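Which chain is which? The protein sequence lines are P and Y, in order. Read in order, the letters of the first sequence correspond to residues 320 to 481 in the numbering used here. Read in order, the letters of the second sequence correspond to residues 320 to 481 in the numbering used here. Shown next, in structure tokens, is the structure this report addresses.
Number of protein chains: 2
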Amino acid sequence: MAKPSNLADASQALPDPNEARVPMDSALDDLIGYAMRRAQLKLFQNLIGRLSDHDLRPAQFSALAIIEQNPGLMQADLARALAIEPPQVVPLLNKLESRALAVRVRCKPDKRSYGIFLSKTGETLLKELKDIAAQSDLDATAALDGQEREELLRLLKKVYQD
Amino acid sequence: MAKPSNLADASQALPDPNEARVPMDSALDDLIGYAMRRAQLKLFQNLIGRLSDHDLRPAQFSALAIIEQNPGLMQADLARALAIEPPQVVPLLNKLESRALAVRVRCKPDKRSYGIFLSKTGETLLKELKDIAAQSDLDATAALDGQEREELLRLLKKVYQD
DNA sequence: TATTGTTATACTCTATAACTATA
DNA sequence: TATAGTTATAGAGTATAACAATA
């Protein structure tokens with residue numbers, strides 16, 4: 320297929336190959352969704368790098384924090400809190416159990432379900448991970464001052480809690 | 320492995336099964352990264368739903384907008400602008416070409432490379448897609464007023480442009 | 001020898017259907 | 001029959017190595 324007749328006029332406006340190698344976006348520049356995706360990727364990559372020292376993924380850190388706040392919760396609850404499907408909880412919890420950070424305990428009247436709890440090891444590591452995550456946050460938003468950071472957090476919560 | 324000795328104290332504080340089924344996060348509540356991930360997922364899902372009417376993905380929309388701003392750019396440039404690897408550009412561009420929205424043209428002195436351009440069809444559709452994306456933005460951030468939306472955009476740009 | 005685009009491949013993430021064991 | 005957890009599987013998204021054509 321060579322140069323179809325509906326090819327847009329483009330023979331002019333070719334960017335100088337010697338100038339900035341990163342094309343500008345325009346059109347996308349006014350979209351909150353676009354800016355948020357790029358900012359989120361930056362924060363996520365930063366956190367992934369820091370957590371990798373402990374061989375953990377962000378979802379595993381989130382799971383530990385949610386378990387701490389809701390000891391004894393069921394896997395279905397954890398899935399809902401993490402906004403993932405129940406089958407995805409299985410390998411995640413298996414990993415946490417194999418590292419002795421959390422445990423499944425059959426303790427409910429309903430013998431089908433487990434209560435999920437942190438181990439002492441998990442509680443101790445989670446303390447450290449919270450500091451790491453807070454530092455990652457500061458690092459990835461270093462362009463903001465404290466007041467801007469608080470305002471950003473407030474606005475983001477307002478968006479997702481709606 | 321049954322109830323290891325380092326199991327954290329958890330026999331108390333079990334959430335009432337009759338109350339809110341969504342466990343709270345705490346610990347995560349002060350993290351910009353966590354709030355941004357949740358807000359970003361909300362915006363992304365909204366946009367995915369709206370673009371699906373046109374059988375397009377967000378990355379394909381972004382590609383169209385970038386091509387419009389940089390007619391004649393090479394695939395390596397597009398990959399860099401989209402923050403993806405060159406091999407991922409191939410199926411993306413194949414899709415846009417099969418839909419007659421964009422074209423690869425061998426027109427450079429370097430016969431290895433292509434210049435990428437929008438077709439007239441692509442230009443027309445892109446106009447519509449921009450409105451859709453803007454509406455998606457407004458919809459997913461309906462909890463914010465105009466001033467908050469501008470402030471959020473400003474802060475996000477400051478973060479990712481750093 | 002280096003580079004553009006491409007193919008092949010693999011690894012992760014995510015989602016769905018089906019299975020088990022309890023209820 | 002319905003539910004909690006699990007298994008199996010398939011589809012995206014993403015990354016790397018290797019190849020062909022060209023420089």
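Ideal placement from N, C-alpha and C gives every residue a C-beta, glycine not left out. Every value quoted in this text rests on a predicted model; they were computed, and no experiment measured them.
Where do the ends of the alpha helix (DSSP H) carrying residue i lie?
{"i": "R369(Y)", "result": "351 to 370"}
{"i": "A421(P)", "result": "A421(P) -> not in any alpha helix (DSSP H); beta strand (DSSP E) instead, spanning 421 to 424."}
{"i": "G391(Y)", "result": "Counting along the chain, G391(Y) falls outside any alpha helix (DSSP H), and DSSP gives it neither H nor E."}
{"i": "K430(P)", "result": "Taken as a continuous stretch (DSSP letters only), K430(P) belongs to no alpha helix (DSSP H), as it is neither H nor E."}
{"i": "R473(P)", "result": "465 to 479"}
Quick check on the DSSP output: the beta strand (DSSP E) that includes residue i runs from which residue to which?
{"i": "I403(P)", "result": "Per DSSP, I403(P) belongs to no beta strand (DSSP E) and is neither H nor E."}
{"i": "L457(Y)", "result": "No beta strand (DSSP E) holds L457(Y); the alpha helix (DSSP H) holding it covers 439 to 459."}
Exposed or buried, which one is residue i when buried takes at least 16 other CB atoms within 10 Å?
{"i": "S371(P)", "result": "exposed"}
{"i": "Q454(Y)", "result": "exposed"}
{"i": "N413(Y)", "result": "exposed"}
{"i": "Q379(Y)", "result": "buried"}
{"i": "R369(P)", "result": "buried"}
{"i": "G391(P)", "result": "buried"}
{"i": "E447(Y)", "result": "exposed"}
{"i": "D481(Y)", "result": "exposed"}
{"i": "D456(P)", "result": "buried"}
{"i": "R425(P)", "result": "exposed"}
{"i": "A400(P)", "result": "buried"}
What in chain P is Cβ-close to residue i, meaning under 9 Å?
{"i": "D458(Y)", "result": "Within 9 Å Cβ-Cβ: nothing; D458(Y) doesn't reach chain P, min ~10 Å."}
{"i": "A398(Y)", "result": "Result: empty, since nearest Cβ-Cβ is about 11 Å, beyond 9 Å."}
Run down chain P in chain order and give the residues with a C-beta less than 8 Å from the C-beta of residue i.
{"i": "D450(Y)", "result": "Result: empty, since nearest Cβ-Cβ is about 11 Å, beyond 8 Å."}
{"i": "Y433(Y)", "result": "Those within 8 Å of Y433(Y) in chain P number zero; the least Cβ separation is about 11 Å."}
Taking C-beta pairs closer than 7 Å, name the residues in chain Y that residue i reaches, listed in chain order.
{"i": "D481(P)", "result": "A461, A462"}
message: Check whether the stretch 413 to 426 of chain P and the stretch 436 to 452 of chain P touch, using three or more Cβ-Cβ pairs below 8 Å as the test.
response: These segments touch.
task: Return the residues of the stretch 460 to 477 of chain P that lie within a Cβ-Cβ distance of less than 8 Å from chain Y, sorted by chain order.
output: T460, A461, A462, L463, E467, R468, E470, L471, L472, L474, L475, K476, K477
- request: Quick one: which residues of the stretch 345 to 363 of chain Y get their C-beta closer than 9 Å to a C-beta of chain P? List them in chain order.
  value: S345, A346, L347, D348, D349, L350, I351, G352, Y353, A354, M355, R356, R357, A358, Q359, L360, K361, L362, F363
- prompt: Between the stretch 364 to 386 of chain Y and chain P, which residues of the former have CB atoms less than 7 Å from a CB of the latter, in chain order?
  reply: L366, S381, A384, I385
query: Just checking, does the stretch 352 to 363 of chain Y make contact with the stretch 443 to 451 of chain Y on the three C-beta pairs under 8 Å criterion?
result: Touching, no, given that fewer than three Cβ pairs across the two stretches are closer than 8 Å.
message: Three Cβ pairs or more, each shorter than 8 Å: is that satisfied between the stretch 403 to 413 of chain P and the stretch 465 to 476 of chain P?
response: no
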